[in-house]
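Chemist: I'd like to ask some things about the structure below.
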Amino acid sequence: MLVIGAGAAGLSAATRLVEAGLTVTVLEARDRVGGRTWTREIDGAMLEIGGQWVSPDQEALLETLDRLGLETFARYREGESIYVDREGQRHRYTGEIFPAGAETEAEIERLIGILDELAPEVGATAPWAHPRAAEFDAISWHHWLRTQSDDESACEIVSIYVAEAMLTKPAHSFSLLQALLMAASAGGFANLVDEDFILDRRVVGGMQQVSLRLAEQLGDAVVLNAPVRRLEHAAEGVVAHADGDVVVRAKRAVVAVPPNLYARIDFQPPLPRLHQQMHQHVSLGLVIKVHAVYDSPFWREDGLSGTVFAPHSPVHEVYDNTNHEDDKGTLVAFVSDLQADASFKLGPDAQRAAILEQLAACFGPRALEPEVFYLSDWGAEEWTRGAYAASFDIGGLSRYGAMQREPLGPLHWACSDIAAEGYQHVDGAIRRGWAAADEIIHALGD
Ligand code: FDA
């Protein structure tokens, strides 16, 4: 069997195929495994450049961590959080809902209640099959919220949980249906709001350990620096042509790359009309993940958790991202979509200064002088091209969603971007990897 892509999805698929007694080759474009999980040492600091958090409902990821002997630790969350309002004023608070004023707080709760009813109704498995799917897919997340409430602040705040924080796209660019899929895949909208749930734990040694350990078990089956350029496919099997004159023949292939990259592969014969169309309606969002490492987690001395929610500012979220049993203190901050575009336009020095000034406004002048400062640049990564993951444009999910996981002859599809539970997360990547492997195992058994 052939697996294209050595991220969590591809390596989980390969592992399950090998466990079923099949011979597998994994072709990976990069010089490393892990894809969108990447634990790097930068200037002596261990940083999670890509996916890192684990939530309690992510059963496939938790099972994998367990099987690989990997441990988790809780995100630091003691003390007060900071909410930065529209005027730039800082407010310290505890609990889930920001001190946005009693009326707005009530309105936020009401909107979350509506979404918590809709999300399970739509579900993560087949949102396109909901009787109102076309209607929910025809209105943007931004505009739907304004049909539900006149409270602009409440709309902006609720919007962020899906737009900046998850799909990392402007709220006007994706639909209500897409937002409901995001919420349903995380077990409900309330879970997206609850950072103690969605950003609960991290992996000791880093999330990339999942892929590194799976790859280690697969041994020589994983071939790095081998981007698949051409994939011939027919009922009898596939022939993949990768760089370095690598040619792999197999009965079936798991294409475990995000859908925005399918077009990088020359499928022969070309994929059917609807697939070619579908792939043009799905794209990755963009978020900059910023790490600032200090000689200690000094904000804790001031009774602060390190959590900042600043819905109207370029850096919209900040968390304490200190490593397990580390004396150093690390903050992680996020700059999403339109703000990310504007941030990159500043150029490196001004970009760094603008981000650190925002951290200093919350945590004091010590925040201006990190020992290590690093900005992720996933948009510039040839084999990803954005962060965190892919979503459809308005109308795309109801129009094409049902096709995205359907095998096409010997081709099977796996990645977090087409997952149901765990959509856009490492958990979803593993689930899709296992599902694609199971499709093959069942097909061979027939
Ligand atoms: P992934 O993209 O990881 O793997 C695909 C692989 O295919 C890559 O290795 C790529 O190089 C390779 N490839 C592409 N084209 C190829 C070709 N033609 N030939 C051969 N190989 C090819 N998730 C989470 O659970 N918790 C979190 O906290 C976060 N946070 C987060 C932050 C940031 C900055 C990012 C970028 C992402 C996250 N995520 C996350 C998302 C999570 O990291 C992501 O959903 C999964 O790692 C995706 O795994 P996949 O295997 O599906 O794709």
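Here the sequence shown is numbered in our numbering, starting from 1467 and rising by one per residue.
Beta carbons: idealized from backbone N, C-alpha and C, even for Gly.
(1) Indicate, with yes or no, if ligand 1 has a heavy atom lying under 7 Å from the CB of Ile-1626.
(2) Quick check: the Cα distance between Gln-1675 and Tyr-1785, rounded to an integer number of angstroms?
(3) With DSSP collapsed to three states, give me the class of Trp-1849.
(4) Is Trp-1879 helix, strand or coil when you go by DSSP?
(5) Can you look up Ala-1700 in the DSSP assignment and give me helix, strand or coil?
(6) Taking DSSP as the reference, what is the three-state secondary structure of Leu-1665?
(7) Does ligand 1 have even one heavy atom less than 7 Å from the beta-carbon of Asp-1731?
(8) Which residue wins for smallest C-alpha separation from Gly-1899, given the options Lys-1717, Ala-1885, Ser-1478, Ile-1470?
(9) Go to Thr-1570, then tell me how far its alpha helix (DSSP H) extends in each direction, as first and last residue.
(10) May I ask you to list the residues that DSSP assigns as paired with Tyr-1542?
(11) Return the Cβ separation of Leu-1642 and Pro-1593 in integer angstroms, given the expectation that the two are a contact with Cβ distance under 8 Å.
(12) Does DSSP put Gly-1473 in a helix, in a strand, or in coil?
(13) Tell me the DSSP secondary structure of Leu-1680 in three-state form.
(14) When the Cα of Asp-1803 is compared with those of Asp-1843, Asp-1709, Pro-1636, which residue comes out closest?
(15) If you drop the 5 nearest sequence neighbours on each side, which residues of the same chain put their C-beta closer than 7 Å to that of Pro-1873?
(16) Is Ile-1821 near ligand 1, in the sense that its beta carbon is under 7 Å from a heavy atom of that ligand?
(17) Which value, in whole angstroms, describes the spacing of the CA atoms of Glu-1583 and Ala-1599?
(18) Which of the three DSSP states, helix, strand or coil, is assigned to Glu-1783?
(19) Just checking, does the region 1598-1613 make contact with the region 1754-1761 on the three C-beta pairs under 8 Å criterion?
(20) Drop a sphere of 10 angstroms on the beta-carbon of Ser-1762, count the other beta-carbons inside from all chains shown, and report buried for 16 or more, exposed for fewer.
(21) Looking only at its own chain, which residues have a Cβ that is under 7 Å from the Cβ of Val-1659, when we skip the five neighbours before and after it?
(22) Determine the direct distance from the alpha carbon of Met-1744 to that of Gln-1734, and round the result to whole angstroms.
(23) Between the region 1763-1775 and the region 1791-1803, can you find at least three pairs of beta-carbon atoms closer than 8 Å?
(24) Any chance the region 1884-1902 sits against the region 1467-1475, with 3 or more Cβ pairs inside 8 Å?
(25) How long is the line joining the alpha carbons of Gly-1545 and Leu-1812, rounded to whole angstroms?
(26) Counting only the same chain and skipping the five closest in sequence on each side, list residues whose C-beta sits under 6 Å from that of Ala-1655.
(27) Using 10 angstroms around the beta-carbon of Asp-1509, count the other beta-carbons present and answer buried if the total reaches 16, otherwise exposed.
(28) Between Ile-1801 and ligand 1, is the CB less than 7 Å from at least one heavy atom?
(29) So, are the CB atoms of Ala-1973 and Glu-1494 less than 8 Å apart?
(30) Are there 16 or more other CB atoms within 10 angstroms of the CB of Val-1742, so buried, or fewer, so exposed?
(31) How big is the Cα-Cα spacing for Thr-1530 and Arg-1667?
(32) May I have the straight-line CA-CA distance separating Gln-1824 from Val-1781, to the nearest angstrom?
(33) Enumerate in chain order the residues of its own chain whose CB-to-CB distance from Ala-1729 is below 7 Å, with the five nearest sequence positions on each side excluded.
(34) Rounded to whole angstroms, what's the CA-CA distance from Phe-1640 to His-1747? Just pull it up for me.
(35) Determine which residues share a DSSP beta bridge with His-1790 and list them.
(36) With the cut-off set at 8 Å, would you say Leu-1680 and Thr-1503 are in Cβ contact?
Modeler: So, to answer that:
(1) no
(2) 22 Å
(3) coil
(4) strand
(5) strand
(6) coil
(7) Rather than Asp, the amino acid found at residue 1731 in this sequence is Ile. Within the cutoff, so yes.
(8) Ser-1478
(9) 1568-1588
(10) DSSP, once it has assigned bridges, lists no residue as partnering Tyr-1542.
(11) Not a contact, Cβ separation roughly 10 Å.
(12) coil
(13) helix
(14) Pro-1636
(15) Glu-1905
(16) no
(17) 15 Å
(18) strand
(19) no
(20) exposed
(21) Glu-1562, Ile-1578, Tyr-1627
(22) 18 Å
(23) yes
(24) yes
(25) 34 Å
(26) Residue 1655 is actually Phe in this sequence, not Ala. Excluding sequence neighbours, Phe-1655 sits near Ile-1578, Leu-1581, Asp-1582, Ala-1585, Ala-1649.
(27) exposed
(28) Note that residue 1801 is Val in the sequence shown, not Ile. Because no heavy atom of ligand 1 lies under 7 Å away, the Cβ of Val-1801 does not count as near it: no.
(29) Because the chain here runs from 1467 to 1912, residue 1973 falls outside it and cannot be looked at.
(30) Rather than Val, the amino acid found at residue 1742 in this sequence is Gln. Gln-1742 is exposed by the Cβ-count criterion.
(31) 15 Å
(32) 7 Å
(33) His-1745
(34) 11 Å
(35) Paired residue(s): none; His-1790 is not in a bridge.
(36) no
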